[in-house]
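S.K.: If you count the sequence shown from 1, position 112 lands on 112 in full-length UniProt numbering, and the numbers rise without skipping. Think of the CB as a built atom: it goes at the ideal place given N, C-alpha and C, for glycine as much as any other residue.
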Amino acid sequence: MFAASADISEASPALLAELDASGTYTAAAKKQQNAVLSVKSGDKSAVLAIVLDFFLGGLGIHRAYLGTKTFTWVGYILTCGGIFGIVPLVDFVVLIINANDISEYVDNTRFFMW
Numbered sequence: 001m002f003a004a005s006a007d008i009s010e011a012s013p014a015l016l017a018e019l020d021a022s023g024t025y026t027a028a029a030k031k032q033q034n035a036v037l038s039v040k041s042g043d044k045s046a047v048l049a050i051v052l053d054f055f056l057g058g059l060g061i062h063r064a065y066l067g068t069k070t071f072t073w074v075g076y077i078l079t080c081g082g083i084f085g086i087v088p089l090v091d092f093v094v095l096i097i098n099a100n101d102i103s104e105y106v107d108n109t110r111f112f113m114w
């Protein structure tokens with residue numbers, strides 16, 4: 001039922017090779033997991049999204065970069081910079097706080113990405 005009580009004899013040989021003697025994943029397995037997470041985020045750079053938000057946040061360019069629909073960043077322009085600049089400011093803070101994993105914000109269709 002839980003991963004801790006699972007029978008590892010049924011695991012694939014590749015998975016078993018990634019486990020060390022104590023049954024935890026090796027550094028190579030963790031590195032591979034981090035690589036999978038970066039692919040999950042659509043290869044979008046958190047740093048670039050933050051820089052775009054800082055300089056062009058009122059135009060919603062950071063949202064276009066993150067893959068939102070056209071209406072979202074046009075909405076930023078039509079609302080005078082995302083409700084007079086409040087939304088891009090909150091986006092900026094949220095992106096800084098969650099810079100390690102921005103996959104939640106990639107291809108996000110909501111006007112408020114948070």
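When we look at the beta-carbon of residue 101 and count the other beta-carbons within 10 Å, is it buried (16 or more) or exposed?
M.R.: Result: exposed.
S.K.: On a CA-only basis, which of 91, 83, 84, 96 is nearest residue 64? Give me that one, please.
M.R.: When only C-alpha atoms are compared, the closest one is 91.
S.K.: For residue 99, does the three-state DSSP call read helix, strand or coil?
M.R.: Coil at residue 99, not helix or strand.
S.K.: Determine the extent of the alpha helix (DSSP H) in which residue 61 is found, giving its start and end residues.
M.R.: 61-65 is the span of the alpha helix (DSSP H), which, as asked, contains residue 61.
S.K.: From which residue to which residue does the alpha helix (DSSP H) around residue 76 run?
M.R.: Here the alpha helix (DSSP H) through residue 76 covers 70-78.
S.K.: Going along the chain, which residues of its own chain have a beta-carbon closer than 6 Å to the beta-carbon of residue 76, five neighbours each way excluded?
M.R.: So the qualifying residues of the chain are 60, 82.
S.K.: Is residue 58 helix, strand or coil when you go by DSSP?
M.R.: Here residue 58 sits in helix by DSSP.
S.K.: According to the Cβ coordinates, are residue 66 and residue 108 closer than 8 Å?
M.R.: Yes. Within cutoff.
S.K.: Short of 7 Å in beta carbon distance, which residues of its chain neighbour residue 54, apart from the five on each side in sequence? Order them along the chain.
M.R.: For residue 54, where only same-chain residues beyond five positions count, the Cβ hits under 7 Å are 92.
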